[in-house]
Amino acid sequence: MPDPTRAKPFITAEEQTRAAENPPWPVPFHCKPWVDGQTAGWTLYYGYLTPIVVRGMGGGRIAVDNLEQLARETNQPKVVDQFADGYFGLSTGYYFQTPAGFASLFIPSPHAPAGLNLLTAVLETAWYARPIFLVYHAPAEGEQVALDYKQPIGRVLVVPLPSQTEAQAMTAEEVAALQTEEQAYLAEERTTPHKWTAATGASFTHLYKIKAREHASQTKAE
């Protein structure tokens, strides 16, 4: 079973070319929140040597090529299981254990094969001692999804249990403090030397990236 790896952003050759022009065109990877979102968590892989093809048969039903061979490889008859019309599950072979109070959040990978549409799920892996079972939308009639060894099938993030978190309204004092911080940020944004102009004529700054590094350094020092 391939080890999970740190997630990587999905950047096309066209985006790289546009970003390298002078002046550059704005592309997603210029944005730190986008990059952080793309690189959050770990990528999971299809870990079986038997390649399969999941075919949409209409009416939400599927057919799976090489399913019998996959069963022989794994000694499991239901590595791919259609438990409901419109969906199918994949027993990944991965086991995860999180600390008490934390769970595993499963989200799609931008590098997954076309048509492999994972449903987002939270699994209480602090106590659940079973292989991870991911659920996907069934391909539409006439469409198919091919899976081969080490192809990305999703991502996993470690998150606090939703049942142990809560949201609270900010106090008037907290709102006022936040507004003061916002005005200070906007003032610095207007005067920062770390600005650049895109080929579109739009102006951008690197202030968010700079502030993020400063905050990370302060947090580490504490």
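So the sequence shown is numbered by the working numbering: it starts at 799 and just counts up by one. Here a beta-carbon is modelled for each residue, glycine too, at the ideal position from N, C-alpha and C.
Which residue comes first and which comes last in the alpha helix (DSSP H) that contains residue i?
i       : result
Lys993  : It is not in any alpha helix (DSSP H) - Lys993 instead sits in the beta strand (DSSP E) that spans 993-995.
His1013 : 1005-1019
Tyr1031 : Absent from the model: residue 1031. The displayed extent of the chain is 799 to 1020, so no value can be given.
Gln836  : 830-836
Gln814  : 811-818
Beta carbon of residue i, beta carbon of residue j: below 8 angstroms?
i      : j      : result
Glu860 : Pro937 : In the sequence under discussion, the amino acid at residue 860 is Ile, which differs from the Glu named in the question. Contact: yes.
Gly891 : Gln962 : no
Ala817 : His828 : yes
Thr990 : Thr998 : no
Leu868 : Ile905 : no
Leu959 : Ala901 : yes
Where does residue i land, buried or exposed, given buried means 16+ other C-beta within 10 angstroms?
i       : result
Ser1001 : exposed
Gln977  : exposed
Arg988  : exposed
Gln895  : exposed
Gly857  : exposed
Ser1015 : exposed
Counting along the chain, where does the beta strand (DSSP E) carrying residue i start and finish?
i      : result
Ala901 : 900-905
Phe931 : 931-935
For residue i, which beta-bridge partners are listed by DSSP?
i       : result
Tyr926  : Paired residue(s): none; Tyr926 is not in a bridge.
Pro1022 : Nothing can be reported for residue 1022: it is not among the residues displayed for the chain, which extend from 799 to 1020.
### Query
Enumerated in chain order, which unbroken segments of the alpha helix (DSSP H) with a length of 4 residues or greater are wholly contained in the stretch 840-901?
For the alpha helix (DSSP H) assignment, the uninterrupted runs of no fewer than 4 residues enclosed by the stretch 840-901 are, from N- to C-terminal side, 865-872.
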